[in-house]
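Numbering (mature numbering (1 follows the signal peptide of the UniProt record, and there is no 0)), first residue to last: -1, 1 to 342.
All C-beta atoms, glycine included, are put in the ideal place defined by N, C-alpha and C.
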Ligand code: G3I
């Protein structure tokens, strides 16, 4: 594995290179895997263990063990941790889903941010403070937070996070927020936070795209528009899926449909698709490099194809190939098309 070039080294003068991580990857696999992760990446985002359902199962109960392990792993290997995520409508604890009053939700909201951001103060580099608050048309999603706390909840979340963890960078994160209508909604959120005198340091474009359809022009326009607001721009959950979706432009929030169950490449990715994937990643990284003064981090949503959530979405059991390393951590053509662009 030492003969394989390192992504983080290739782009060390340009932007950070991250992956999402789970405890199983750093504990249960052999030490070679740990070394491999530490060699390729200098940033990491917990894939699930810092979500409220896992961290905060009861009103006064917090379970920090797994999150702590990832934070320690990061400290040991010089990997900066991006906390993910304080306020999200999904993966909520059961007790929050049963809340029906404004006061109770406000109590959860405040306690959760103070406790979690406070615990990792000085230990995580950044937080995705609010995740996926927008609909595709740029309006605010009707989440439990919007319903009970009103549209100021996003600014409130940033204010609380700033108070609990002053030295930590604070981000808004979403998918499809490179698309014009959702981007406009995202810019409105950012302006509202800033107008309230509250700090926001960056915006995350998740980057769950589809092979042959990566929206390069919208991505470039978004980099420019977000950076013009004085924010760092990050690609926070990058993967390029290769399997058919129900409709063109289907997004991660959409429901499964019949043909999404098809599993056309159960054993290997055909060469033509492999080459298209490599070309898509190459074009993306060329764009990131062109704007390296504005793009601060590129994080993949998984170390290798076997880790990817896309094997289980929108239905379980599909064999997907969205990342740069195959199921044995061997570099794919897409890896070489990217790493060669670095120094
Ligand atoms: O932990 C349970 C396990 O006990 C149970 O046996 C198993 C069977 O269903 O489920 C396990 O939980 C799963 C969890 O991942 C941990 O593996 C959930 O079902 C599954 O829904 C969950 O999926 C995660 C998803 O967020 C949840 O919305 C994916 O791993 C994770 O990659 C995905 O990440 C999100 C980002 O946080 C936000 N942006 C979109 C992105 C992709 O959906």
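Nearest by alpha-carbon distance to residue 91: which of 234, 117, 55 is it? The residue with the shortest Cα to Cα distance from residue 91 is 55.
For residue 15, does the three-state DSSP call read helix, strand or coil? In this structure, residue 15 counts as strand in the three-state DSSP scheme.
For residue 300, which residues in the same chain have their Cβ closer than 6 Å to its Cβ, ignoring the five residues on either side in sequence? By the criterion of a C-beta distance shorter than 6 Å, residue 300 is surrounded in its chain by 19, 236, 238, once the five residues flanking it on both sides are discounted.
Quick check on the DSSP output: the alpha helix (DSSP H) that includes residue 106 runs from which residue to which? Judged by DSSP secondary structure, residue 106 falls within the alpha helix (DSSP H) whose first and last residues are 101 to 118.
I need the straight-line Cα distance from residue 68 to residue 7, nearest angstrom please. Rounded to the nearest angstrom, the two C-alpha atoms are 22 Å apart.
Can you give me the start and stop residues for the beta strand (DSSP E) that residue 170 sits inside? Counting along the chain, the beta strand (DSSP E) containing residue 170 begins and ends at 168 to 173.
If you follow the beta strand (DSSP E) that residue 127 is part of, which residue opens it and which one closes it? First-last of the beta strand (DSSP E) with residue 127: 125 to 130.
If you measure from the CB of residue 347, is any heavy atom of the ligand G3I nearer than 8 Å? Since the displayed the chain opens at -1 and closes at 342, residue 347 lies outside it and no answer follows.
Leaving out the 5 sequence neighbours to the left and right, which residues in its chain are closer than 8 Å to residue 290 when beta-carbon positions are compared? Cβ within range, chain order: 219, 222, 223, 226, 232.
Residue 295 (DSSP reduced to helix, strand or coil): Under the three-state reduction of DSSP, residue 295 is assigned to strand.
Per DSSP, what kind of secondary structure is residue 83 in: helix, strand or coil? It is a strand residue.
Sufficient close CB pairs (3 or more, under 8 Å) joining the segment 198 to 208 to the segment 135 to 153: For the pair of segments examined, the segment 198 to 208 was found not to touch the segment 135 to 153: the number of CB pairs separated by less than 8 Å stays below three.
Just checking residue 135 against the ligand G3I - is the residue's beta carbon closer than 8 Å to any of the ligand's heavy atoms? Residue 135 Cβ: outside cutoff for every heavy atom of the ligand G3I.
According to the neighbour-count rule (16 or more other Cβ atoms, all chains shown, within 10 Å of its Cβ), is residue 96 buried or exposed? By the neighbour-count rule (16 or more Cβ atoms within 10 Å), residue 96 is not buried but exposed.
Closest to residue 270 by CA distance: which of 50, 88, 169, 320 is it? If we check each option's Cα against that of residue 270, 320 comes out closest.
Name the DSSP beta bridge partners of residue 234, please? Note: residue 234 sits in a beta bridge opposite 204, 297.
Looking at residue 282: is its Cβ nearer than 9 Å to the Cβ of residue 213? If you check the CB distance, residue 282 and residue 213 come in under 9 Å.
State the start and end residues of the unbroken beta strand (DSSP E) segment that holds residue 44. Element bounds for residue 44: 42 to 45.
Indicate the three-state DSSP secondary structure (helix, strand or coil) for residue 57 in the structure shown. It is a strand residue.
Check whether the Cβ of residue 174 sits closer than 8 Å to any heavy atom of the ligand G3I, and report yes or no. In this structure, the C-beta of residue 174 approaches the ligand G3I to less than 8 Å from one of its heavy atoms.
Within the present structure, is the beta-carbon of residue 312 separated from the nearest heavy atom of the ligand G3I by less than 8 Å? Yes; taking the cut-off as 8 Å, the Cβ of residue 312 has a heavy atom of the ligand G3I nearer than that.
Would the segment 33 to 42 count as touching the segment 102 to 116 if we require 3 or more Cβ pairs under 8 Å? No, they do not touch.
Of the residues 310, 342, 302, 293, which one's Cα is nearest the Cα of residue 327? Checking every option, the nearest Cα to that of residue 327 belongs to 302.
Cβ neighbours of residue 26 in the same chain (closer than 8 Å, five flanking residues each side left out): Result list for residue 26: 68, in chain order.
Tell me, to the nearest whole angstrom, how far the beta carbon of residue 372 is from that of residue 88; I am working on the premise that it is less than 8 Å. No answer is possible for residue 372: the residues shown for the chain start at -1 and end at 342.
Measuring CA to CA, which of 193, 287, 94 is closest to residue 298? The shortest C-alpha separation from residue 298 is found at 287.
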